[in-house]
Amino acid sequence: MKKLLLLIFLVFSTLGLRAQYGSANAILDRLEERRGINQNLKNVNIDDKKFVLIKDFEDHTERSFLVIKGNLATYIEIFDDKSNGQSTSNVFSGDVVRSKHNIVSLRADLLEGKKIPIAVTKTFLMTKQKKILYLIDINTKERWIDETAINKN
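Residue numbers for the sequence shown, in the numbering used here: 43 to 195.
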């Protein structure tokens, strides 16, 4: 009798653990997606893509654009002054490299067509969340969003 009760107890506890494992696994999958870990984005084409980052401050607004065409890239910074309404911009151009592990590296060594001594470099982790493509800056954790996702809304 004791063996039968012990066997029944083991069967039900095993089933309970399996159910908990499934829910824990689902939570871990969502967290990994949020952080951009273990995503297979090798088939995602970023050629002719435009990514946008907008930062709003008290006195000005910064808009940054990254346009990728093949292995060439254009990085544009636009500063809008809120006090007088003037805008200034910097247009950098250079090259972009994409690794197998969803890393995108930008090296822009031309400012409006003229060579600059210190190139602007940025390293991004490419991730996809809720069918929207993002580039997350490795150093600052800023999230650049694909412009087509913005235009859909």
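Quick reminder that beta carbons are idealized off the backbone N, C-alpha and C, glycines included. All of these numbers come straight from a predicted model, not from anything done at the bench.
Run of the beta strand (DSSP E) containing Ser-129, from where it starts to where it stops:
Residues 129-140.
By a C-beta neighbour count over all protein chains shown, 10 Å radius and 16 as the cutoff for buried, is Ala-115 buried or exposed?
buried
DSSP three-state call for Thr-116: helix, strand or coil?
The answer is strand: DSSP assigns Thr-116 an E or B state.
Opposite Ser-147 in the DSSP bridges: which residues?
For Ser-147, the pairing in a beta bridge is given by DSSP as Val-139 and Thr-165.
Between which residues of its own chain and Thr-163 is the CB-CB distance below 8 Å, once the five residues before and five after are set aside?
Once the five neighbours on either side are set aside, the close Cβ partners of Thr-163 are Ser-147, Leu-148, Arg-149 and Ala-150.
Beta-carbon gap between Val-133 and Tyr-117 smaller than 9 Å
yes
Less than 7 Å between C-beta atoms, sequence neighbours within five positions excluded: which residues of the same chain meet that for Asp-159?
Note on identity: in this sequence residue 159 is Pro, with Asp being the wrong assignment. Excluding positions up to five away in sequence, the list is empty.
Buried or exposed, going by whether 16 or more other CB atoms sit within 10 Å of the CB of Thr-169?
buried
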